[in-house]
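A short write-up of the structure that comes next.
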Amino acid sequence: MNFFHLGIKDDITPYMKGKVKLSNQVSIMCAFIGFFYAFFIYAHYEALVIYPAMLFVISISLLALNHFGMVQTSRFLASFQMLIMASLFHASIIQSSDSFLIPFFCSMLAMTLIPWVLYGMEEKVMLIISLTICYGLLLSQGYLNQILEIPVDVAFFRESYLNIMTYAFAIAIAVVLLIMMKLDDSERYKLKEVE
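With the numbering used here applied, the sequence shown has no gaps in its numbers, which climb one by one up to 311 at the end.
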């Protein structure tokens with residue numbers, strides 16, 4: 117079973133087939149990141165494992181939605197679900213008097229590329245709605261930091277291997293999403309040449 121092709125039916129347009137495939141790829145990437153972070157966070161702060169674990173579960177659920185033909189719902193949720201989990205995770209770590217964790221915020225900025233991958237300019241309304249949700253989450257991060265708080269040693273997140281790992285994931289997320297966008301554009305260009 118090829119997970120990248122879940123939900124791709126013969127009766128949908130080539131454009132939508134490409135977008136469903138991208139949705140599956142984004143969901144698999146999010147599931148991988150959720151699983152990876154759940155493993156490392158569980159080793160240090162069990163109370164925080166809920167966020168990466170939920171990212172994993174939601175991402176797998178989005179693949180199931182695609183499989184059952186609910187591709188529009190899956191794409192919409194995939195466009196911001198990782199950013200929601202990252203926002204909640206970041207808000208839980210930061211104590212009300214602390215400043216943002218730069219690597220986590222960099223990761224969150226990279227995640228705002230997801231709507232650009234999942235929606236083309238042909239779907240401006242959905243793209244704008246998804247981007248509004250994403251940027252709204254970024255702009256409300258300071259408020260979230262004040263209302264969500266789990267007592268943790270913030271120094272661990274600022275000074276441990278997790279700091280470097282999060283920078284690496286931020287770069288990897290951005291690069292992978294940019295490659296996905298570039299490949300999607302190449303595929304669309306090839307389709308136009310065939311027509």
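Note that beta-carbon positions come from the ideal geometry of N, C-alpha and C, so glycine has one too.
As the structure is a prediction and not an experimental result, all values here were calculated from the model.
For residue i, which three-state DSSP category applies?
i: Val-186; result: The sequence shown places Met at residue 186, not Val. In the structure shown, Met-186 sits in coil (DSSP, three-state: anything other than H, G, I, E or B).
i: Phe-205; result: helix
i: Asp-214; result: coil
i: Asp-300; result: helix
i: Tyr-161; result: coil
i: Gly-195; result: Note that residue 195 is Ser in the sequence shown here, rather than Gly. Coil at Ser-195, not helix or strand.
i: Ile-124; result: coil
i: Asn-140; result: helix
Are the CB atoms of residue i and residue j nearer to each other than 8 angstroms?
i: Ile-230; j: Val-142; result: yes
i: Ser-212; j: Gln-262; result: yes
i: Gln-197; j: Cys-250; result: no
i: Tyr-283; j: Cys-222; result: yes
i: Ala-226; j: Ala-286; result: yes
i: Leu-329; j: Asn-140; result: The structure shown does not extend to residue 329, since the chain is modelled only from 117 to 311, so the question has no answer here.
i: Val-268; j: Ile-200; result: no
i: Asp-300; j: Gly-185; result: no
i: Arg-191; j: Leu-122; result: no
i: Leu-164; j: Ile-266; result: yes
i: Asp-214; j: Val-270; result: yes
i: Tyr-158; j: Leu-204; result: no
i: Phe-273; j: Leu-217; result: yes
i: Glu-238; j: Tyr-131; result: yes
i: Gly-150; j: Ser-175; result: yes
With a threshold of 7 angstroms, establish whether the CB of residue i neighbours any heavy atom of the ligand GDP.
i: Ile-218; result: The ligand GDP is not among the ligands present in this structure, which contains no ligands whatsoever.
Less than 8 angstroms between the CB atoms is what I'm expecting for residue i and residue j, so what's the real figure, rounded?
i: Met-224; j: Ala-202; result: 5 angstroms
**Asked** Which whole runs of the alpha helix (DSSP H) in the segment 217-288 are 4 residues long or more, in chain order?
**Response** 218-227, 230-234, 240-255, 257-263, 270-275
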